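Engineer: If you read the protein sequences in the order shown, they are chains V and B. So the mapping is simple: the numbering used here equals the position in the first sequence, first residue as 1, plus 5. So the mapping is simple: the numbering used here equals the position in the second sequence, first residue as 1, plus 5. Dropping a structure here in structure tokens format, bear with me for questions.
2 protein chains.
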Amino acid sequence: MENTLFDFISKYISLTDEEKNAILSLDLFRSQKKGATLLEKGQKSKHSYFVLKGCIRVYYIIEGEEKTTAFYTEMDALTPHCVANNTPSEYFISCVEDSILLVSSSDMEAEVNSKFPKFETMCRMLSEELLAKQRIDFDEFKTSSPEQRYQNLLEKRPDLIQRVPQHQLASYLGIQPQSLSRLRARILEKKS
Amino acid sequence: MENTLFDFISKYISLTDEEKNAILSLDLFRSQKKGATLLEKGQKSKHSYFVLKGCIRVYYIIEGEEKTTAFYTEMDALTPHCVANNTPSEYFISCVEDSILLVSSSDMEAEVNSKFPKFETMCRMLSEELLAKQRIDFDEFKTSSPEQRYQNLLEKRPDLIQRVPQHQLASYLGIQPQSLSRLRARILEKKS
DNA sequence: CCTATTTCTTAACTTAAGTGAACGAGTTAT
DNA sequence: ATAACTCGTTCACTTAAGTTAAGAAATAGG
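What follows is the structure, given as structure tokens:
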């Protein structure tokens, strides 16, 4: 588990053993059961998450319906919108599977950032990278049909289709569960 | 023009007059004519943009069709995906209007970041903020219909609808220009 | 100033997604 | 063990977006 974290960090900066131990001593790892809620709509929170194992999702409740918009799996980092601007959350976050997460608070990050400039550099690089990557994902979503989005997902995150309930996948693809069912049937039809 | 920039920066950090002069002496402001291309597909680039005045757009050419996916106007910052990972660009960037831009290179930013930690802090805060904001935009896009997206745009960026050609707006909303025309007619119908 | 081109709209038709309902399989709770 | 739910699928029907084509309006270029 620690290795997952340090492998990830090593993509951006290099840490001494001392620094690694300092991080471990902060004791940030948390286990969560499938279905556990990490953040509710309306709540304020200062917590950011890094997924070491498992899967968490972001969802809204719109006119009584759950709309899942994002999944975070191994090596994914998530700072909810409400953390940045200290407002009540517009969405929920919960565990799709039993998960092991690294949970940090913005206060703690601010402290670490000011003590270790190297760490702030990593945060900057990481969020710049995620911003550019998310831009591409958004662009792909805009420029493709539901069917193309599903095919795209099959290529890029085939594991998600196995791990996650269909009705959650559907809203992730921007459609109704019935449409996803139909679309899958249509694709099978084509192959044969 | 300088004020636009320093007003923006002051949201994140405070600068001394000396520091302001240092920034101005870098001479980063560039004027661009409507229609000018800032980045082409396949090109590598190290340039990031901050829009002081005007409007630039990101677009793809997919099966011969232009697909516009993003607009950047006054006080918006853009670091293309290809800058972060030094790969050929998957999209084009061009000016929708005559524009005044601040253009920086990643080399220069790296240098400034290492000399002035304050500046790196600003970059981190900015990209974290943009990441969270873009996440919300993406979520709204996923959870709403083309018509809702248009109504949403009317509320949040009414200026865009005036400044930008309809066919570019259409792909920004994820639909065909004909569908946008129809959808606008439908909305007018409802109001009366 | 007029022509050429681009942009926007409209229309008719096709295709796919939304909606409401029903069903069976699998799960959870009592 | 059975009742109550959840989940995925299918069906019939409605609605909206995609597609192709044509024409009007606005814009740019010579």
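Idealized CB from N, CA, C, for every residue including glycine. Since the model is a prediction, treat every value here as computed from it, not as a measurement.
(1) May I ask you to list, following chain order, the residues of the region 116–132 of chain B that have a beta carbon less than 8 Å from some beta carbon of chain V?
(2) Between the C-alpha atoms of Gln181(V) and Phe146(B), what's the straight-line distance to the nearest angstrom?
(3) Between Tyr65(V) and the rest of its own chain, which residues show a CB-CB distance below 6 Å, the 5 nearest in sequence each way excluded?
(4) Determine the DSSP secondary structure at Cys60(V), reduced to helix, strand or coil.
(5) Answer yes or no: does any C-beta atom of chain B fall closer than 9 Å to that of Glu95(V)?
(6) Mind listing, in chain order, the continuous alpha helix (DSSP H) runs of no fewer than 4 residues lying wholly within the region 32–114 of chain B?
(7) Using the Cα positions of Asp112(V) and Leu135(B), report the straight-line distance between them to the nearest angstrom.
(8) Suppose only complete runs of 4+ residues qualify. What are the alpha helix (DSSP H) ranges in the region 138–162 of chain V, listed by chain order?
(9) Can you tell me where the alpha helix (DSSP H) with Thr21(B) in it begins and where it stops?
(10) Examine chain B for any beta-carbon lying closer than 9 Å to the beta-carbon of Gln48(V), and answer yes or no.
(11) Pick helix, strand or coil for Gly15(V), following the three-state DSSP scheme.
(12) Measure the alpha-carbon distance for Leu43(V) versus Asp81(V) and round it to whole angstroms.
(13) Out of Lys49(B), Val63(B), Tyr77(B) and Glu68(B), point me to the one whose CA is closest to Phe55(B)'s CA.
(14) Identify which residue in Ser176(B), Glu45(B) and Lys58(B) has its Cα closest to the Cα of Ile105(B).
(15) Per DSSP, what kind of secondary structure is Val169(V) in: helix, strand or coil?
(16) With 9 Å as the C-beta to C-beta threshold (strictly closer), list the residues of the region 171–192 of chain B near chain V in chain order.
(17) Does the region 153–163 of chain B come close enough to the region 172–180 of chain B that 3 or more CB-CB pairs lie under 8 Å?
(18) Would you say Ser53(V) and Leu83(V) are within 9 Å of each other, going by their C-beta atoms?
Structural biologist: Here's the rundown:
(1) Residues of the region 116–132 of chain B with a Cβ closer than 8 Å to any Cβ of chain V, in chain order: Asn118, Pro122, Glu125, Thr126, Cys128, Arg129 and Ser132.
(2) By 1-based counting over the first sequence, the position of residue 181(V) is 176. By 1-based counting over the second sequence, the position of residue 146(B) is 141. Rounded to the nearest angstrom, the two C-alpha atoms are 14 Å apart.
(3) To locate residue 65(V), count along the first sequence from 1; it is residue 60. Its chain contains Lys72 and Tyr96 as the residues whose beta carbon lies nearer than 6 Å to that of Tyr65(V), once the 5 sequence neighbours on both sides are disregarded; these appear in chain order.
(4) Position 55 of the first sequence, counted from the first residue, corresponds to residue 60(V). Coil, per DSSP.
(5) For the purposes of this step, residue 95(V) is taken as residue 90 along the first sequence, with counting starting at 1. Output row for Glu95(V): interface = yes.
(6) 86–90, all fully within the region 32–114 of chain B.
(7) Along the first sequence, one-based indexing puts residue 112(V) at 107. Along the second sequence, one-based indexing puts residue 135(B) at 130. Separation of Asp112(V) and Leu135(B) (C-alpha to C-alpha, rounded to the nearest whole angstrom) is 20 Å.
(8) Taken in chain order, the whole alpha helix (DSSP H) runs of length 4 or more contained in the region 138–162 of chain V are 151–161.
(9) The sequence position of residue 21(B) within the second sequence is 16, counting from 1. Unbroken run through Thr21(B): none, as it is neither H nor E.
(10) Here the question's residue 48(V) lines up with position 43 in the first sequence. Cβ-Cβ to chain B under 9 Å: no for Gln48(V).
(11) Position 10 of the first sequence, counting from 1, holds the residue named residue 15(V). Note that residue 15(V) is Ser in the sequence shown, not Gly. Reduced to three states, the DSSP call for Ser15(V) is coil.
(12) Numbered from 1 along the first sequence, position 38 holds the residue referred to as residue 43(V). Numbered from 1 along the first sequence, position 76 holds the residue referred to as residue 81(V). Using only the alpha carbons, I get a separation of about 16 Å.
(13) As a first step, residue 55(B) must be located in the second sequence, where it is residue number 50. Nearest of Lys49(B), Val63(B), Tyr77(B) and Glu68(B) to Phe55(B), Cα basis: Tyr77(B).
(14) Working through the second sequence from its first residue, we reach residue 105(B) at position 100. Checked all of Ser176(B), Glu45(B) and Lys58(B); the closest Cα to Ile105(B) is Lys58(B).
(15) Locating residue 169(V) in the first sequence gives position 164, where the first residue counts as 1. Taken through DSSP and simplified to helix, strand or coil, Val169(V) comes out as coil.
(16) Against chain V - using a Cβ distance shorter than 9 Å - the residues of the region 171–192 of chain B are Ser176, Tyr177, Leu178 and Gly179.
(17) The region 172–180 of chain B is in contact with the region 153–163 of chain B.
(18) Taking the first sequence and counting its residues from 1, one reaches residue 53(V) at position 48. Taking the first sequence and counting its residues from 1, one reaches residue 83(V) at position 78. Cβ distance < 9 Å, so Ser53(V) and Leu83(V) count as in contact.
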